[in-house]
(Lines of atoms letter the chains of each structure in order from A; the text may use other names.)
(Lines give C-alpha, C1' and ligand atoms only; values in the text may rest on other atoms or scores of the structure.)
Protein backbone atom coordinates (compact mmCIF):
# COMPACT_ATOMS: atom_id res chain seq x y z
CA UNK A 3 0.00 0.00 0.00
CA UNK A 4 1.07 3.56 -0.61
CA UNK A 5 2.19 5.15 2.68
CA UNK A 6 2.20 8.90 3.24
CA UNK A 7 3.85 10.52 6.26
CA UNK A 8 2.86 14.06 7.23
CA UNK A 9 5.88 16.00 8.47
CA UNK A 10 6.60 19.67 9.16
CA UNK A 11 9.53 21.02 7.16
CA UNK A 12 11.25 22.11 10.37
CA UNK A 13 10.84 18.71 12.09
CA UNK A 14 13.87 16.97 10.61
CA UNK A 15 14.36 14.82 13.72
CA UNK A 16 10.88 13.36 13.36
CA UNK A 17 11.47 12.67 9.67
CA UNK A 18 14.73 10.88 10.47
CA UNK A 19 12.93 8.79 13.08
CA UNK A 20 10.20 7.86 10.58
CA UNK A 21 12.82 6.85 8.01
CA UNK A 22 14.45 4.58 10.60
CA UNK A 23 11.15 3.04 11.71
CA UNK A 24 9.93 2.40 8.16
CA UNK A 25 13.35 1.13 7.01
CA UNK A 26 13.49 -1.36 9.89
CA UNK A 27 10.30 -2.93 8.54
CA UNK A 28 11.29 -2.71 4.89
CA UNK A 29 8.54 -0.19 4.18
CA UNK A 30 8.70 2.82 1.90
CA UNK A 31 6.83 6.07 2.39
CA UNK A 32 6.30 9.38 0.69
CA UNK A 33 6.79 12.49 2.81
CA UNK A 34 4.02 15.08 2.66
CA UNK A 35 5.01 18.56 3.78
CA UNK A 36 2.67 19.46 6.62
CA UNK A 37 0.77 22.72 6.62
CA UNK A 38 2.50 24.84 9.25
CA UNK A 39 0.08 26.43 11.72
CA UNK A 40 2.56 29.26 12.29
CA UNK A 41 2.42 30.16 8.59
CA UNK A 42 -1.37 30.35 8.29
CA UNK A 43 -2.91 33.81 8.10
CA UNK A 44 -5.94 34.80 10.17
CA UNK A 45 -8.00 34.85 6.94
CA UNK A 46 -6.97 31.27 6.14
CA UNK A 47 -7.86 30.16 9.66
CA UNK A 48 -11.23 31.95 9.49
CA UNK A 49 -12.03 30.34 6.13
CA UNK A 50 -11.80 26.85 7.58
CA UNK A 51 -13.65 27.75 10.76
CA UNK A 52 -16.73 28.78 8.76
CA UNK A 53 -19.52 26.29 8.38
CA UNK A 54 -18.92 24.39 11.59
CA UNK A 55 -21.54 25.98 13.88
CA UNK A 56 -22.24 22.76 15.78
CA UNK A 57 -18.62 22.23 16.77
CA UNK A 58 -16.18 24.14 18.91
CA UNK A 59 -13.98 26.66 17.15
CA UNK A 60 -10.98 24.92 15.63
CA UNK A 61 -7.60 26.06 16.87
CA UNK A 62 -4.79 27.14 14.56
CA UNK A 63 -3.03 23.78 14.94
CA UNK A 64 -6.23 21.83 14.27
CA UNK A 65 -6.85 23.75 11.05
CA UNK A 66 -3.26 23.09 9.93
CA UNK A 67 -3.60 19.39 10.82
CA UNK A 68 -6.85 19.16 8.83
CA UNK A 69 -5.26 20.87 5.83
CA UNK A 70 -2.28 18.51 6.00
CA UNK A 71 -4.59 15.51 5.94
CA UNK A 72 -6.55 17.12 3.11
CA UNK A 73 -3.33 17.27 1.07
CA UNK A 74 -2.94 13.54 1.66
CA UNK A 75 -6.54 12.84 0.61
CA UNK A 76 -5.86 14.69 -2.65
CA UNK A 77 -2.70 12.63 -3.24
CA UNK A 78 -4.61 9.42 -2.51
CA UNK A 79 -7.48 10.39 -4.82
CA UNK A 80 -5.04 11.11 -7.67
CA UNK A 81 -3.09 7.89 -7.11
CA UNK A 82 -3.51 4.69 -9.08
CA UNK A 83 -3.03 2.75 -5.84
CA UNK A 84 -6.27 1.23 -4.53
CA UNK A 85 -5.40 2.13 -0.91
CA UNK A 86 -3.31 4.76 0.81
CA UNK A 87 -2.12 4.78 4.42
CA UNK A 88 -1.89 8.27 5.94
CA UNK A 89 0.42 8.65 8.94
CA UNK A 90 1.59 11.51 11.09
CA UNK A 91 5.26 11.69 11.94
CA UNK A 92 4.71 10.51 15.51
CA UNK A 93 3.13 7.20 14.54
CA UNK A 94 4.11 4.06 16.38
CA UNK A 95 4.37 1.13 13.97
CA UNK A 96 3.74 -2.21 15.59
CA UNK A 97 6.26 -4.96 14.93
CA UNK A 98 3.90 -6.59 12.39
CA UNK A 99 3.05 -3.42 10.49
CA UNK A 100 4.85 -4.60 7.36
CA UNK A 101 2.69 -7.72 7.20
CA UNK A 102 -0.45 -5.59 7.35
CA UNK A 103 0.74 -2.95 4.89
CA UNK A 104 2.29 -5.37 2.38
CA UNK A 105 -1.06 -6.54 1.08
CA UNK A 106 -4.59 -5.23 0.77
CA UNK A 107 -6.17 -8.69 0.73
CA UNK A 108 -7.39 -8.25 4.31
CA UNK A 109 -9.30 -5.04 3.51
CA UNK A 110 -13.08 -5.66 3.46
CA UNK A 111 -14.52 -5.05 -0.01
CA UNK A 112 -17.08 -2.56 1.28
CA UNK A 113 -14.55 -0.49 3.25
CA UNK A 114 -14.00 3.12 2.25
CA UNK A 115 -11.90 4.14 5.25
CA UNK A 116 -10.06 1.96 7.75
CA UNK A 117 -8.65 3.39 10.95
CA UNK A 118 -5.42 1.58 11.80
CA UNK A 119 -4.78 2.10 15.46
CA UNK A 120 -5.31 0.49 18.81
CA UNK A 121 -8.57 1.95 20.00
CA UNK A 122 -11.92 0.89 21.34
CA UNK A 123 -13.71 3.58 19.32
CA UNK A 124 -15.29 2.74 15.98
CA UNK A 125 -15.08 5.19 13.08
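Residue numbers (our numbering): 3 to 125. We put the beta carbon where it would ideally sit given N, CA and C, even for glycine. All of these numbers come straight from a predicted model, not from anything done at the bench.
{"Query": "Pick from 105, 52, 117, 19 that is closest to residue 33, judged by C-alpha positions", "Result": "19"}
{"Query": "Assigned secondary structure, residue 4 (DSSP; H/G/I helix, E/B strand, else coil)", "Result": "strand"}
{"Query": "Neighbourhood of residue 71 by C-beta, 8 Å cutoff - its chain only, sequence neighbours within 5 removed", "Result": "8, 88"}
{"Query": "Residue 109 burial status per 10 Å Cβ neighbour count (16 or more: buried)", "Result": "exposed"}
{"Query": "Beta-carbon proximity of residue 59 to residue 49, cut-off 7 Å", "Result": "no"}
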